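Take 354 as the starting number for the sequence shown in this note's numbering and just add one per residue. What follows is a single structure, written as structure tokens, with notes after it.
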Amino acid sequence: MVGLRSQLELHFVLAPVSPSAVKTVWTGVSTVLVALSNWFFGGGGAGGGGDLGGGPGSAHADTTTGRCSPCFSTSSARAAEGGLRRWRIVVTTIMWKVIQQGTKSLILFLSKIWNFILYFLRKNGRKVMQHQTIKYDNVPLSPLSKHRLSLVKRKVLVLDLDETLIHSHHDGVQRPTVKPGTPPDFILKVTIERHPVRFFVHKRPHVDYFLDVVSQWYDLVVFTASMEIYGAGVADKLDRNRKILQTRYYRQHCTLELGSYTKDLSNISHDLSSIFILDNSPGAYRSYPANAMPIKSWFSDPTDTALLNLLPVLDALRFTQDVRSVLSRNLHCHKPCYSF
């Protein structure tokens, strides 16, 4: 028996290596590598049993001879372990690149969502603001307040149009100040020097409510430096058949000084104690600074609340004997101080 075993071992060592034998060995090595990968990622511990009965580097003992099987010798196990280590490095590198790429894709996706949210808010913010129920608590006057109000003259509030109550641009403007795609509140079609022109008019936020309230406190007058054919159309749209903007003055009633139009309040009333103007342009009231209430220019901000912020001041101002006693305190301002 021993002699037969020795002959078999000698035959194995001395026999020439055939291609089929090489193929068999390579198949065995490949099988071992697959088994090692399954053991590594399938939970086999180092040196533990697993499916192989041992960790990397352990020999598969032949139960017949008690020796290591030639297809999985110590050198083969080391080579397999080195190949597996390199394979693990490659897999780890690929996984890391996938994670990096996935992180970049996730950040890009989230940024697109955020940009869409901002675009949606900018596009629809004005509609949301206009439909909110915002009002000034115009509580009924007490008997004492009614008596005090009866002792003073009802005052005149002069209102500018462009950049004060509205903002507009016509279809010939190359770069309108309003963001493209923003729908106008109304379109005004006029003919200027035999040429048809369309004006896209945007109302300042809360202008309708503002006019509703102040028309109860003051006699309202429109005074604009715009042409009458345009200013009259805008005033009609703001009035909405309420007959609160009946008195109107246009460019022909202005005076051209230092390259800009000024508005002479004495053309409206000689009693300067009971008249003042709300205008975004300081040049328009340069002759009557003590009869002016500045307001910041408005172009397209849907969150603007300047008109609402003025209501408490306007409510109190109607009780004064002379509006200049209050408004003259604002003479040091070179920009709108009531714009908040």
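Backbone N, C-alpha and C define an ideal beta-carbon position, used for all residues, glycine too. The structure presented is a predicted model; accordingly, all values stated were derived computationally and were not measured.
Residue state for residue 593 is assigned as coil, using DSSP reduced to three classes. In the three-state DSSP reduction, residue 642 falls in the helix class (H, G or I). Residue 661 and residue 455 have their C-alpha atoms roughly 49 Å apart. Judged by beta-carbon spacing, residue 652 lies beyond the 8 Å limit of residue 560, meaning their Cβ atoms are not closer than that value. C-alpha of residue 495 to C-alpha of residue 553: approximately 44 Å in a straight line. DSSP places residue 497 outside any beta strand (DSSP E); the residue lies instead in the alpha helix (DSSP H), whose first and last residues are 496-503. One alpha carbon belongs to residue 632, the other to residue 588, and they sit about 15 Å apart. DSSP, reduced to helix, strand and coil, places residue 566 within a helical segment of the structure shown.
When C-alpha distances from residue 516 are compared across 664, 657, 626, the shortest belongs to 657.
Beta-bridge analysis with DSSP links residue 539 to 554.
Taking the Cβ atoms as the reference, residue 556 lies roughly 6 Å from residue 519, within the contact range of under 8 Å. According to the DSSP assignment, residue 572 belongs to no alpha helix (DSSP H) but to the beta strand (DSSP E) extending over 572-576. Using a Cβ distance threshold of 8 Å, residue 630 and residue 550 do not count as a contacting pair. Sequence-distant partners of residue 679 (beyond 5 residues in either direction) whose C-beta falls short of 7 Å from its own C-beta, in its chain, are 670, 673.
Taking every protein chain shown into account, the CB of residue 469 has fewer than 16 other CB atoms within 10 angstroms, so this residue is exposed. Secondary structure of residue 516 (DSSP, three-state): coil. When only Cα atoms are considered, residue 535 and residue 526 end up about 15 Å apart.
Across the set 612, 562, 626, the C-alpha of 612 shows the shortest separation from the C-alpha of residue 636. Taking residue 668 as reference, the option from 500, 567, 595, 523 with the minimal CA-CA separation is 567. Secondary-structure assignment with DSSP links residue 548 through a beta bridge to 545.
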